[in-house]
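Have a look at the structure below before the remarks.
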Amino acid sequence: MCGRFALTLPHEAMADLFHAVPANDLPDTPNYNICPSDSIHAVTSEGGTRRLRPLRWGFLPHWYKTPTDGPLLINARAESIAQKPAFREACRSRRCLVPASGFYEWTRDSDNNR
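With my numbering, the residue at position 21 of the sequence shown is 151, and numbering never jumps.
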């Protein structure tokens, strides 16, 4: 399970790579420490047009009434995503692509430093 990722591609390169129309309010790149709840780049499809747009990293399960009802989910197992109630419907019909140059999990040394 990863809790951080990096993105180094410029907006124009991502838009070209994914044949997407870029939004005007995309987060800055490069970013080597993207964490949950940050604004991230995502490719979505709207009416047959791909769009590169900002989204917040985190998933709201369908039973949350507001974004503050609980923690945002950031991981799902590919083996069970289609069966889990939190992800099942979104996996079928509400997908997006999240570009990443790499991902990592912080480790701590003997002094509890990252």
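Using N, Cα and C, we set each Cβ at its ideal position, and we do this for glycine too.
None of these values were measured; they are calculated from a predicted model.
Comparing alpha-carbon positions, which option in the options lies nearest residue i?
| i | options | result |
| --- | --- | --- |
| residue 147 | 181, 220 and 168 | 181 |
| residue 158 | 227, 141 and 165 | 141 |
Which residues in the same chain as residue i place their Cβ atom closer than 7 Å to its Cβ, once the five residues preceding and following it in sequence are excluded?
| i | result |
| --- | --- |
| residue 183 | 153, 172 and 174 |
| residue 197 | 190 |
State the Cα-Cα distance for the pair residue i and residue j, rounded to the nearest angstrom.
| i | j | result |
| --- | --- | --- |
| residue 176 | residue 145 | 15 Å |
| residue 194 | residue 214 | 15 Å |
| residue 201 | residue 162 | 23 Å |
| residue 189 | residue 239 | 30 Å |
| residue 231 | residue 160 | 10 Å |
| residue 234 | residue 220 | 25 Å |
| residue 149 | residue 139 | 14 Å |
| residue 227 | residue 185 | 11 Å |
| residue 143 | residue 241 | 41 Å |
| residue 167 | residue 179 | 26 Å |
Give me whichever residues DSSP pairs with residue i in a beta bridge.
| i | result |
| --- | --- |
| residue 173 | 182 and 227 |
| residue 194 | In the DSSP output, where bridge partners are listed per residue, residue 194 has none listed. |
| residue 211 | Partner(s): none; residue 211 has no beta bridge. |
| residue 203 | 189 |
Apart from the five residues on each side of it in sequence, which residues of its chain come closer than 8 Å, Cβ to Cβ, to residue i?
| i | result |
| --- | --- |
| residue 165 | 133, 134 and 187 |
| residue 212 | 218, 221 and 222 |
| residue 156 | 141, 171, 182, 183 and 184 |
| residue 151 | 145, 179, 180, 181 and 182 |
So with Cβ pairs under 7 Å, would you call residue i a contact of chain D?
| i | result |
| --- | --- |
| residue 216 | Protein chains in the displayed structure number just one, and chain D is not present. |
Spatial neighbours of residue i within its chain, please: C-beta separation below 6 Å, excluding the five flanking residues on both sides.
| i | result |
| --- | --- |
| residue 191 | 216 |
Pop quiz: residue i and residue j are said to be a contact at Cβ under 8 Å. What is the actual Cβ separation, rounded to whole angstroms?
| i | j | result |
| --- | --- | --- |
| residue 244 | residue 236 | 5 Å |
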